[in-house]
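So the sequences go chain by chain: H and D. Once you know that position 49 of the first sequence is 49 in our numbering, the rest is easy, because the numbers rise by one and skip nothing. Here our numbering runs 1000 ahead of the position in the second sequence, where the first position is 1. Take a look at the structure below.
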Amino acid sequence: MSGWIPVCGYQGLLPERGVCALVDGRQVAVFRTFDGTVHAIGNLDPFSGAQVLSRGIVGTRQGEPTVASPLHKQVFSLVSGVCLDEPEFSVPVYPIRVEAGLVQVGTGA
Amino acid sequence: MNKIVVVGYGPTAHRLVETLHERGFGGQVTVIGEEPRPAYDRVALTSYLSGTSVEDLTYPVPPGTVTRLGGRVTAIDRAARTVTLADGSAEPYDVLVLATGSAPFVPPVPGAEHAYVYRTIDDLDAIRMAAKDATEGVVVGGGLLGLEAADALRGLGLKTHIVEMSPWLMPRQVDEGGGSVLKSHIEGLGLSVHAGAGVQEIVAGERGVTGLRKPDGTLLDAQIVVFSAGIRPRDELARASGLDVGERGGIAVDAGMRTSDPAIYAIGECALAGGMVYGLVGPCFTMAEVAADRILGGAATFEGADMSTKLKLLGVEVAQFGAMDGALDVTYMDPVAGVYKRLFISDDAQTLLGGICVGDASPYGSLRPFVGKPLPAAPSDLLFTGSGMELDLPDDAQVCSCNNVCAGTVRTAIADKGLTDVPGIKACTRAGSTCGSCVPMLKQLLEKSGVELSKALCEHFTYSRAELYDIVRVRGITTFSELVSAHGQGRGCDICKPAVASILASLHNGHVLDGERAALQDTNDAFLANIQKNGTYSVVPRIPGGEITPDKLIVIGEVARDFGLYTKITGGQRIDLFGARVEQLPQIWRRLVDAGFESGHAYGKALRTVKSCVGSAWCRYGVQDSVGLAIDLELRYRGLRAPHKLKSAVSGCARECAEARSKDFGIIATEQGWNLYVGGNGGFKPRHADLLAADLTTEELIRTIDRFVMFYIRTADRLQRTAAWLESLDGGLDYLRQVIIDDSLGICAELDAQMEHHVATYVDEWQTTIDDPDKLGRFVSFVNAPGVPDPSIVFETERDQIKPVEVAVR
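Below you can see the structure in the form of structure tokens.
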């Protein structure tokens, strides 16, 4: 079963400031980068075990959009979910789109 | 071998005891000193008269060391291996170290008993007392120590004469040409120089000294005469014990610092090593380290010492290195600027033999290591080498003469320990940790080692934080996007964004969560609270100076109880409330703001707290109102964003109960006002703050702190505390004084205005946040379920309070 769950308005999602959404009981970190693109990754920081990635600083590394864990600053790709500092760690990436001004996260993918 | 007894407790004895301790000596060490206090820094003695306290000058006694202060050894029984003290007691030893130092030489002239000498804190106290009733003073001796003493008399407000036997001043460091330039500098300061003159007698009447008569009959009016004309080794104890001493004094030692009795060592100014008595601190320290090594079973040797000197006396730089003559020499003299430089070169013009500098000692650091080595460049160019010119040092070239460290040792330390900065080199090798004159060389060695010393903040900016600060300030930039598009690349990261946020906040003082700036903040600033390991936050209301009414204390207790927060008292005299979820933060702060609390900025790179002792209002020892000042300072600087957190404290008397010297800026009350200390730190690398200015009025104090803080904000690196900033500042404390007290850069008015702007525009950011629905909207665990708390946050109970449940990771 798959579908799209609206989580917030696109205008309310401020550039480079993440939010966390509850989607099917999972915590999903949702971001809008400076160029307007939206991304969704798991909110759980694998290094600390805390649900905090939505509160990290958004930026770029060699052009790739990233977020840094607010606890110990490991940087994750918003595109692949891979930790760019320690690539053996990664977080899940979720489908995301903007429809009719709403940000939607895909489920059951 | 169990027990070491050290006779004498000056800097050399201290270095010995410190080295033994650092190297893990397990036996007992007893130090017997004549003075009533532990060893202190004699090189900095003159600063005592300008306000540096005895405590500041005193070296820490290594743990486990037994000290017998005010004790004088009268005899050594070498057969029984005991020393006898004047009070009749005895100390047995397995190894005895004589570090008895030297005594100032007082020539046998009539009236000499009325003269003072310049060696100990007691001597300075006596001079200071005598100066109260004096208008003129004479220093006999125009060498290094004599000029120190003359500077001291001048500082005490006396018209000062210097009498020197040789035809020019500092004959051991400079030649005639250098001496004449030095003389004109010193006379320019209002001192009278009488070179080529001796002392006939010291004239004294019923009311004390009235003058000094020179051999030609002329009388110099003076009420104080200070002899500072050389030293004599204190070898009387060794002599009486039958140890070998030199014909002209000094306890004879071998290369391992051992005397003619193998159980007895002699080090420092009392020792005659290789036929020489050394009066400079560097060689004496080396002797102490050699003796310590031998005592511990090593084979170190003292190979003589480089007598090179670089110093600044009476505001004049003087340096001498290597030989003071040679087949060839190159001389530069500018009597207008008061600069004299001369290099001595071998007859084949290939080898540097030595040099003399007066008025500008900048070639010293780069050329001294080349003594005895091929000339690194054309001699005329070398006269003008300073920080600008780069020379390749051979591995065996000595970089730091105070601590005898060669270029190779520094290079190895950089490579093996992965050092990237000068403080790291200081910690690992001791190079640069005494006089600091070799710091520019250390920087060069770092740069050439291939260590990436890029000042670039991160991949998005090729500028340092200080450069970005200037760009933002000069170009009036107000947003990160503007800055990164014009002067950087990409969209930033967790390094540059908070740094730029801090710069924007320091310069413009708007709300940290306004507009785009909200996206630059670390999570602590973004939620105005401190994130903890499980993703919850802690809350610290401001309690200025640690003073709080019972009613406000009750409010904090009630808030903590109602929200179930773990409660702990901090080291900064505040209360920290832990375990708040993001959606609870505005509710907690609504209650706190209503009760009159403000943000404590525990989450920000900003002023944290100004700790205080109870001060003169209650304490029977207090001399000033430390609590009142702490509150004023905390309210003045609250909310000011800086490169790193700022901590402060105010102590109401010299007992220092507020621990002000461990703070970025610490204030200690004196009878006359306030002493300001800067650059202190606890934490990973503790550092005592340095005295920046003494006996300030409250107004002067605040102006000086304003400028100190603003200059730090303007020039420090990202996340560089004031301690590391001060250590990395070229010119150190003196330079800092020039900039913020003497206004040498002409920026003080600007710094003052910036601080006034901060004070005038401060608003409590929590008050503003709870009044702003847009900002409050961010304080939810889930954007699509605002009322739902984060179910992943769970606590257990420990000692009747909450504690995060440990999560297994990795």
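Glycine included, each C-beta is placed from N, C-alpha and C at the ideal position.
Counting the other CB atoms within 10 Å of its CB gives D:D1625 a total of 16 or more, which places it among the buried residues.
Excluding sequence positions up to five before and after D:G1070, its CB lies within less than 6 Å of the CB of P1036, all in the same chain and listed in chain order. For H:H39, the enclosing beta strand (DSSP E) covers residues V38 to G42. Pairing D:P1108 with D:Y1040, the inter-Cα distance amounts to about 30 Å.
Think of a sphere of 8 Å around the beta carbon of D:R1491: the chain H residues whose beta carbon falls inside it are E16, T33, F34, V58, G59, T60 and P65, in chain order.
By the criterion of a C-beta distance shorter than 8 Å, D:I1471 is surrounded in its chain by Y1463, I1477, L1483 and H1487, once the five residues flanking it on both sides are discounted. The beta carbon of D:E1176 is closer than 8 Å to those of P1167 and W1168 in its chain, skipping five residues each way along the sequence.
When DSSP states are grouped into helix, strand and coil, D:M1276 belongs to the strand group.
The beta carbon of D:T1523 falls within 8 Å of a beta carbon belonging to chain H, placing the residue at that interface. When beta bridges are read from the DSSP output, D:T1120 appears opposite no residue. The residue among D:V1199, D:P1369, D:R1128 and D:G1535 with its C-alpha nearest the C-alpha of D:H1161 is D:V1199. In this chain, D:V1582 is not harboured by any alpha helix (DSSP H), its DSSP state being neither H nor E. Going by DSSP, D:M1710 is part of the alpha helix (DSSP H) stretching over T1698 to T1715. The way I'd put it, the segment 1351 to 1363 of chain D does touch the segment 1318 to 1333 of chain D; three or more beta-carbon pairs between them come closer than 8 Å. Bridge partners of D:M1333 according to DSSP: D:Y1340.
Listed by position along chain H, the residues whose Cβ is nearer than 9 Å to that of D:I1588 form an empty set, because the closest Cβ is around 18 Å away. Excluding the 5 residues flanking it on each side, D:E1164 has same chain C-beta neighbours closer than 6 Å at G1142 and A1195, in chain order. Non-local beta-carbon contacts of D:V1277 in its own chain, meaning distances under 6 Å to residues more than five positions away in sequence, involve P1233 and G1250 in chain order. The segment 1049 to 1063 of chain D and the segment 98 to 109 of chain H do not touch, with fewer than three beta-carbon pairs separated by less than 8 Å. The C-beta of H:L84 comes no closer than 8 Å to any C-beta of chain D. Using a Cβ-Cβ distance cut-off of 8 Å, the segment 1502 to 1516 of chain D and the segment 1532 to 1545 of chain D are not in contact, since fewer than three pairs of beta carbons, one from each stretch, lie closer than that value. DSSP lists D:R1687 as the beta-bridge partner residues of D:N1681. Below 8 Å, enough C-beta pairs join the segment 1593 to 1606 of chain D and the segment 1514 to 1531 of chain D to call them touching: three or more.
Below the 7 Å Cβ cutoff, chain H contributes A50 as neighbours of D:N1534, in chain order. At a cut-off of 8 Å between beta carbons, D:D1742 makes no contact with chain H. Per the Cβ contact rule, the segment 1219 to 1226 of chain D is not in contact with the segment 1238 to 1245 of chain D (fewer than 3 Cβ pairs under 8 Å).
Using a Cβ distance threshold of 8 Å, H:N43 and H:C20 count as a contacting pair.
Among the CB atoms of chain H, none fall inside 8 Å of the CB of D:D1514. Of all residues in the segment 1493 to 1505 of chain D, the ones placed with a Cβ closer than 9 Å to any Cβ belonging to chain H are C1493, D1494, I1495, C1496, K1497 and P1498, in chain order. Annotation: the continuous beta strand (DSSP E) that includes D:I1264 extends over I1264 to A1266. Taken through DSSP and simplified to helix, strand or coil, D:E1303 comes out as coil. Taking C-beta atoms as the reference points, D:I1668 and D:S1648 fail to come closer than 8 Å. It is roughly 16 Å from the alpha-carbon of D:D1334 to the alpha-carbon of D:G1188. In the DSSP assignment, H:Q27 is bridged to H:L22.
The criterion of a C-beta distance shorter than 8 Å is satisfied by D:L1729 and D:L1736. Setting aside the 5 residues that flank it on each side, D:A1263 is surrounded in the same chain by R1078, R1081, Y1093, D1094, V1095 and L1096, each with a C-beta closer than 8 Å to its C-beta; the list follows chain order.
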